[in-house]
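Per my numbering, the very first residue in the sequence shown carries number 9; after that it's consecutive.
Ideal Cβ positions, reconstructed from N, Cα and C, are used throughout, including at glycine.
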Amino acid sequence: MPITGEQEKFINNLVKSGKAANKAHVVRYALQRLAEEEAVNAVLQAEREIDEGKGLRGELKKLLKKI
Numbered sequence: 009m010p011i012t013g014e015q016e017k018f019i020n021n022l023v024k025s026g027k028a029a030n031k032a033h034v035v036r037y038a039l040q041r042l043a044e045e046e047a048v049n050a051v052l053q054a055e056r057e058i059d060e061g062k063g064l065r066g067e068l069k070k071l072l073k074k075i
């Protein structure tokens, strides 16, 4: 996977400092953080939509039958 020299240096420094076991650990950790960020953003977006009156109220089973 192509990365910049600066990114390579950053990854190597994380490994050398003991903050990461190896390069793969850095990538796995970064992907996990990205997934968490995406989940938080989805919740925040849903909250905004509810605040704007775009949400549905009722029992989930009944709402699903209407769809």
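Whether residue i touches residue j by CB criterion (8 Å)
i: Val1; j: Ile58; result: The requested residue 1 does not occur in the structure, where the chain is confined to residues 9 to 75.
i: Asn37; j: Ala43; result: The amino acid occupying residue 37 in the given sequence is Tyr; Asn does not appear at that position. No. Outside cutoff.
i: Leu72; j: Leu64; result: no
i: Val23; j: Lys31; result: yes
Coil, strand or helix - residue i by DSSP
i: Lys27; result: coil
i: Leu71; result: helix
i: Arg65; result: coil
i: Ile19; result: helix
i: Ile58; result: helix
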